Amino acid sequence: MTRLVVAPGVVHWPGYLPPEAQAALVVELREVARQAPFFQPRMPKTGKPFSVRMTNCGSLGWVSDETGYRYQPLHPVTGEPWPPMPVALTQAWRDLAGYAHLPEACLVNFYEAGAKMGLHQDRDEQEFDAPVLSLSLGDTAVFRIGGTQRGGKTVSLKLASGDALLFGGEARLAYHGIDRIIAGLSSLLPQGGRINLTLRRVTKPRA
Ligand code: MD6
Ligand code: FE
Numbered sequence: 525m526t527r528l529v530v531a532p533g534v535v536h537w538p539g540y541l542p543p544e545a546q547a548a549l550v551v552e553l554r555e556v557a558r559q560a561p562f563f564q565p566r567m568p569k570t571g572k573p574f575s576v577r578m579t580n581c582g583s584l585g586w587v588s589d590e591t592g593y594r595y596q597p598l599h600p601v602t603g604e605p606w607p608p609m610p611v612a613l614t615q616a617w618r619d620l621a622g623y624a625h626l627p628e629a630c631l632v633n634f635y636e637a638g639a640k641m642g643l644h645q646d647r648d649e650q651e652f653d654a655p656v657l658s659l660s661l662g663d664t665a666v667f668r669i670g671g672t673q674r675g676g677k678t679v680s681l682k683l684a685s686g687d688a689l690l691f692g693g694e695a696r697l698a699y700h701g702i703d704r705i706i707a708g709l710s711s712l713l714p715q716g717g718r719i720n721l722t723l724r725r726v727t728k729p730r731a
């Protein structure tokens, strides 16, 4: 397995999930999305919709609306608990995260052609000692990462279907985003598009 250190604290495993595991995960994610339909998050204050649609699995889910960003145990539209995390995801976490406790939230982002995500920090969690683990499925993304200050130097890398990316240590609060999606390189999703999963530990584990 190729393990690329992109920057201190940022590790990229191209093709971490083999094609059969990617296909099996897509089947499980269709069930997640049946129980917890994709919703359109909105920017705090302005209410401007994101171009990415989202859902979650696990005991907590990340949501965003006019009142802010937060984690909550219930779907913002259906009011139901998030479905459980597929075992393949907790397995990837055990395999790659190097963190003793299980993740609580898996944010599922869906990008159609033209969707992107602005530079941001992941800082709505209480536990920054845990890394964030990302898995990508479907179309390739151009991912950009910088330092912990906005406006610093950035580098970009492509995330293809099956790739894993870990953000931890001194990179845990690095700015990052998705510049664009490159369609046509993966046949995993018949209608195209990209799914990104980010696994997070939200609460501080009790000692
Ligand atoms: C994406 N990823 O790949 C967006 N956040 O669609 C993220 O925002 C992200 O990949 C924290 C750690 C890893 C990530
Ligand atoms: Fe992020």
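Sequential numbering from 525 applies to the sequence shown in this note's numbering.
Think of the CB as a built atom: it goes at the ideal place given N, C-alpha and C, for glycine as much as any other residue.
No experiment lies behind these values; they were computed from the predicted model shown.
- Straight across, the Cα-Cα distance linking Q715 with V679 is about 30 Å.
- For Q559, the enclosing alpha helix (DSSP H) covers residues P543 to Q559.
- Relative to the ligand FE, even the nearest heavy atom lies 7 Å or more away from the CB of T579.
- Relative to the ligand MD6, the nearest heavy atom lies less than 7 Å away from the CB of M641.
- Around the beta carbon of L657, 16 or more other beta carbons lie within 10 angstroms, which makes this residue buried.
- R566 and H599 have their C-alpha atoms spaced approximately 14 Å apart.
- Residue nearest to R725 within the set L661, S711 and A624 is A624 (criterion: CA-CA distance).
- Under the three-state reduction of DSSP output, T672 falls in the coil class, being neither helix nor strand.
- Taking 7 Å as the cut-off, one finds no heavy atom of the ligand MD6 near enough to the beta carbon of S588.
- Under the DSSP definition of a beta bridge, T727 lacks any partner.
- The three-state reading of DSSP puts D687 in coil, since its state is none of H, G, I, E or B.
- Under DSSP, D589 forms a beta bridge with G592.
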